[in-house]
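S.K.: Heads up, the sequence shown is in UniProt numbering, so the first residue is 1 and it goes up one at a time.
Note that the Cβ used here is the ideal one computed from N, Cα and C, for glycine as well.
What you are looking at is a predicted structure, and each value in this text was computed from that prediction instead of being measured.
Encoded as structure tokens, here's the structure I'll be asking about.
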Amino acid sequence: MDRPLAHSLMRAVRTTALTARRRLDALVCGGVVRLATEVDLTLLGVRAEALIWLAVRPDALDTTTQALSHAPGSASPLPPRVRALLATLRDCR
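Shown next, in the form of structure tokens:
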């Protein structure tokens with residue numbers, strides 16, 4: 001969790017930033033809260049018709065990215081239909 005979010009939560013629930021961070025981490029790891037990264041693809045010059053969300057284990061991220069970014073027989077690293085590959089990671093230990 002980033003520092004500004006921790007401080008906003010800290011003020012909202014009147015606790016310390018560390019406690020707010022621990023509580024949010026527990027909620028995320030418990031599946032109660034899900035974090036998402038949203039990107040305005042028009043800022044990247046992309047007109048997207050569909051977004052695909054995948055749950056991928058961190059150790060499979062490279063393989064998954066490679067599979068999505070290479071069209072069969074294509075020398076281009078990103079085929080025309082794939083404009084962006086974005087990942088959001090969470091650490092639940």
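DSSP three-state call for L54: helix, strand or coil?
M.R.: In this structure, L54 counts as coil in the three-state DSSP scheme.
S.K.: If I'm right that L89 touches S69 with Cβ under 8 Å, what's the distance once you round it to whole angstroms?
M.R.: Their Cβ separation, rounded to whole angstroms, is 18 Å, which puts L89 and S69 out of contact at 8 Å.
S.K.: My assumption, with CB atoms under 8 Å, is that T6 sits in contact with A20. Please give the rounded CB distance.
M.R.: The sequence shown places Ala at residue 6, rather than the Thr named in the question. About 5 Å separates the two Cβ atoms, so the contact holds.
S.K.: Identify, in the order they occur along the chain, each residue of the same chain with its Cβ nearer than 8 Å to the Cβ of V33, setting aside the five sequence neighbours on each side.
M.R.: Within the same chain, V33 has close Cβ partners L24, L27.
S.K.: Give the secondary structure of V32 by DSSP, where H, G and I count as helix, E and B as strand, and everything else as coil.
M.R.: The answer is coil: DSSP assigns V32 none of H, G, I, E or B.
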